[in-house]
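Peer 1: Below you'll find the structure I mean.
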Amino acid sequence: MNVLFALFAAIVVNGDFENGAGADMPGWNLGKSGQKVWRIEPGAGLNGNRGLVWENSDPELYVYPKQEVKLEPGKRYRIQAQISTRIVKNPAGSKGAGVFIEWYDGDGKYLGSCYPPRVRGTTDWSSVDSVMNAPLPGNAARCYVGAFVRKGSTGYAAFDEISVTEYKVKPLGGLFSSVYRDVAVDGKVKFFAPFFVSTNSFKASDWSVAFRYTAADGSRKTVPSGSVTPSFVSFEIDVAELAMGRQDVVCSAVSADGKIKDEASLSFERATELPERKVYVDGKRRVIVDGRPFFPLGLFSSVLRPPVVKAYAKGPFNCVMPYHAPTEKQMDNCHANGIKVIYAINKTYAGWRSAPKGVKTEADEIKWIENRMKYVKGHPAMLAWYLADELAVSYVPRLAKRREWLSEMDPDHPTFACYNRIDQLREYLPSVDVFSTDIYPVPHKPLRECADKSVVTYNSLFGSRSMWQTPQVFSWGAARSTGDGGGRFPTRLELRSMCWQMVAGGANGILGYCLHHIMDRNTGEPIKNYWDDACAVFEDLKKFSPVFLSGGEEPKVLEVPRSLAVRTFREGCDIWVLVCNLENAVTKAAFTVDVSAADAEVVYGGGVSYSGKGGFKTDMLPHDVCLINLKEDR
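When the letters of the sequence shown are read in order and numbered with this note's numbering, they come out as residues 16 to 649.
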């Protein structure tokens, strides 16, 4: 991704806190009550400089310093800070210290905000940052930057180097291909680039976009883009038309007035045969493990204690995503129980608030990973590397560099990440091989978000990346009860709907969050009925995973009402049509699939009938699911 950070006069006044002392805080606004807990203190900042200190023993006192800043509508901004904490506590759990940008209209109405992850517990200096999801809206009249420690907290926190800078993305957000690791032998390949231009009055004719490549005869050719949209530009070619070996494919974009010019390139290889890999992603976006298609079915987990792994393996799961880096012994135990492991190195970034002890530089990061790679990369339980868990888009350059390094050091395993900034996914394209977006709607949002946001994920990745989607297997309230904290666990019906919606939206695997909310993390004992519900839902997914792994060309879905999500699969003469009712109501509708078949059989769920000539009618119960098998006429 091509990113520029604009350099100009500081937006935040006295963000390094080198001016002022005690309650005297130039540039920052703070009432008298705030002076009891906030101060500028010499030696309290990063590297012994001055810093902003919060020290509070009264959980009822909640005040914070802020300042108004001038930000320009139509631009995006990045906020960064250094934060250190000592036992920041809250009666409801550790909430942490952080910084923010907020913006309001001329009447003082809240419009939006940007909050980096907070720093919790007792930590050394940690770097936090985040980028606004979208440009500042035109009606944003007043913007503020502030530092805070969550209401009800007590303890100590220090802040330094609070800054806001313009975040500029060049028109072409890199160049990518539709094949795994940019190596192909035959077939078609698509080259595409995220296109970051204004969608207001967009006209493809306002841009000259072209692709350059070396042809099979050795000549250098330039061809116009096959498609130019405000999201992507793309070009498709038969691999046989490309020169053998590795070459740079280049995409260029020039505005009609010539004022905007940009280029992006990609190192692509036409090979005589694909390299042998233990795990990779094929042209159907399926993960292939030891030569066979594999549909990941698993849960995120905080622990891999032997009783937990033993109990987990009795369920319908084939993999696990632990948040810590497992030891060799834990990897061995997972393998003995038939469980693949996605290996977490998502916290191994110098400056990250949860970085492992001793990881202070990039060299430390590499050394830490290399020490574990000795037993990980050749281990039979290894499935993929986990690089990021909801990291801000500002981390993408570091993620892309790590992905490239890992692909050289361990070409046998893909890289994987889970993101929650779905509207920024195009900017994350350089970061990993396999993507997940976590979608947690229960109880405050409609379940249909699982299908809608999975489709957005698929489209944002240009339909080119494997997706291991993450549904909600937890309560927003208490973790071990339905609680009254603004949340509850999904019912079995809701969990079923969410998972199948994600498959309908393009998922190639399902990794729910999370195991330690449905199973005791020490004994492996199930918590209430949550474990049974999850097992029942995932058992159905396991039963039909061979359908999801079909390798044929899927029939096109010609027209679908918004109340439904539909996805098709094909293997030989067998065609399957998956239908999800996205509404919390009985849905009577009709849709068409480009298929010729005389008969159809409902193999799962119900409420859908085949009327012939590719036509289907629904009379589906709320949030119901149906899978139909057809034999194609040939």
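Note that the Cβ used here is the ideal one computed from N, Cα and C, for glycine as well.
Starting from residue 308, follow the beta strand (DSSP E) in both directions and report where the run begins and ends.
Peer 2: Element bounds for residue 308: 307 to 309.
Peer 1: By DSSP, does residue 433 sit in helix, in strand, or in coil?
Peer 2: Correct three-state label for residue 433: strand.
Peer 1: Could you tell me the distance, in whole angstroms, from the CA atom of residue 222 to the CA atom of residue 268?
Peer 2: So the two alpha carbons sit approximately 7 Å from each other.
Peer 1: Does the segment 43 to 58 come close enough to the segment 132 to 146 that 3 or more CB-CB pairs lie under 8 Å?
Peer 2: Verdict: no, contact absent.
Peer 1: Spatial neighbours of residue 85 within its chain, please: CB distance less than 8 Å, with the 5 preceding and 5 following residues excluded, ordered by chain position.
Peer 2: Closer than 8 Å at Cβ, skipping near neighbours: 26, 158.
Peer 1: Taking the alpha-carbon positions, what's the residue 438 to residue 147 distance?
Peer 2: Answer to the nearest angstrom: the Cα atoms are 11 Å apart.
Peer 1: Comparing the C-beta of residue 608 with each C-beta of chain B, is any distance below 9 Å?
Peer 2: Protein chains in the displayed structure number just one, and chain B is not present.
Peer 1: Any idea if residue 195 is buried or exposed, counting beta-carbon neighbours within 10 angstroms, 16 or more meaning buried?
Peer 2: It is buried - the Cβ of residue 195 has at least 16 other Cβ atoms within 10 Å.
Peer 1: For the segment 254 to 266 against the segment 229 to 241, are there 3 or more C-beta pairs whose distance is under 8 Å?
Peer 2: Yes, the segment 254 to 266 is in contact with the segment 229 to 241.
Peer 1: Should residue 631 go down as buried or exposed, given a rule of 16 or more other Cβ atoms within 10 Å for buried?
Peer 2: Classification of residue 631: buried, given that the 10 Å Cβ count is 16 or more.
Peer 1: What residue does the beta strand (DSSP E) around residue 358 start on, and which one ends it?
Peer 2: Looking at the DSSP string, the run of the beta strand (DSSP E) that includes residue 358 is 355 to 359.
Peer 1: Please go through the same chain and pick out, in chain order, the residues whose beta-carbon is closer than 6 Å to the beta-carbon of residue 645, but skip the five residues on each side of it.
Peer 2: Only 590, 612, 615 meet the Cβ criterion.
Peer 1: Hey, residue 163 and residue 113: beta-carbon distance below 9 Å or not?
Peer 2: Against a cut-off of 9 Å, the Cβ pair of residue 113 and residue 163 comes out as a contact.
Peer 1: From the DSSP output, read off the bridge partner residues of residue 46.
Peer 2: The partner list for residue 46 (beta bridge, DSSP) is empty, contrary to what the question assumes.
Peer 1: Buried or exposed: residue 378, going by 16 or more other Cβ atoms within 10 Å of its Cβ?
Peer 2: With fewer than 16 other Cβ atoms within 10 Å, it is exposed.
Peer 1: With DSSP as the reference, label residue 556 as helix, strand or coil.
Peer 2: It is helical.
Peer 1: Ends of the beta strand (DSSP E) at residue 634?
Peer 2: Looking at the DSSP string, the run of the beta strand (DSSP E) that includes residue 634 is 630 to 635.
Peer 1: In three-state DSSP terms, what is residue 502?
Peer 2: Coil, per DSSP.
Peer 1: Given a cut-off of 9 Å on the beta-carbon distance, is the pair residue 402 and residue 446 in contact?
Peer 2: For residue 402 and residue 446, yes; Cβs fall inside 9 Å.
Peer 1: With residue 472 as the anchor, note down where its alpha helix (DSSP H) starts and where it stops.
Peer 2: First-last of the alpha helix (DSSP H) with residue 472: 464 to 475.
Peer 1: Go through its chain and collect everything with a Cβ distance to residue 626's Cβ below 7 Å, but skip five positions before and after it.
Peer 2: Answer for residue 626: 632, listed in chain order.
Peer 1: From this set, 570, 205, 150, which residue's C-alpha is nearest residue 283's C-alpha?
Peer 2: Out of 570, 205, 150, 205 has the C-alpha closest to the C-alpha of residue 283.
Peer 1: Could you check if residue 469 is buried or exposed, using at least 16 other CB atoms within 10 Å of its CB as the buried criterion?
Peer 2: Answer is buried; the Cβ neighbour count reaches 16.
Peer 1: In the structure shown, what three-state DSSP assignment does residue 332 receive?
Peer 2: Reduced to three states, the DSSP call for residue 332 is coil.
Peer 1: Tell me which residue opens and which closes the alpha helix (DSSP H) that residue 378 is part of.
Peer 2: Counting along the chain, the alpha helix (DSSP H) containing residue 378 begins and ends at 377 to 391.
Peer 1: From this set, 456, 426, 91, 418, which residue's C-alpha is nearest residue 444's C-alpha?
Peer 2: Of the candidates 456, 426, 91, 418, the one whose C-alpha sits nearest the C-alpha of residue 444 is 418.
Peer 1: In chain order, what are the residue ranges of uninterrupted beta strand (DSSP E) at least 3 long that sit wholly in the segment 140 to 192?
Peer 2: Qualifying beta strand (DSSP E) stretches, in chain order: 157 to 164, 169 to 184.
Peer 1: As an exercise, report each continuous beta strand (DSSP E) stretch of at least 3 residues that is fully enclosed by the segment 57 to 112, in chain order.
Peer 2: Fully enclosed beta strand (DSSP E) runs of 3 or longer: 66 to 71, 81 to 84, 91 to 104.
Peer 1: With a 10 Å radius around its C-beta and 16 neighbouring C-beta atoms as the bar for buried, classify residue 361 as buried or exposed.
Peer 2: With 16 or more other Cβ atoms within 10 Å, it is buried.
Peer 1: Below 9 Å between beta carbons: does that hold for residue 478 and residue 524?
Peer 2: No, Cβ-Cβ distance for residue 478 and residue 524 is not below 9 Å.
Peer 1: Just to confirm before moving on: does the CB-CB distance between residue 532 and residue 545 stay below 9 Å?
Peer 2: Yes. Within cutoff.
Peer 1: Would you mind sorting residue 14 into buried or exposed? The rule is 16 or more other CB atoms within 10 Å of its CB.
Peer 2: No answer is possible for residue 14: it lies beyond the span of the chain, which begins at 16 and ends at 649.
Peer 1: Below 8 Å on the Cβ atoms is my contact criterion, and I expect residue 167 with residue 80 to pass it. Report the Cβ-Cβ distance as a whole number of Å.
Peer 2: Their Cβ separation, rounded to whole angstroms, is 18 Å, which puts residue 167 and residue 80 out of contact at 8 Å.
Peer 1: With 16 other CB atoms within 10 Å as the buried threshold, where does residue 125 fall?
Peer 2: Looking at its Cβ environment, which holds fewer than 16 other Cβ atoms inside 10 Å, residue 125 is exposed.
Peer 1: Roughly how many angstroms lie between the CA atoms of residue 70 and residue 364, to the nearest whole one?
Peer 2: If I take the Cα positions, the gap works out to 28 Å.
Peer 1: Residue 442 to residue 492, Cα distance in whole Å?
Peer 2: Cα-Cα distance, rounded: 32 Å.
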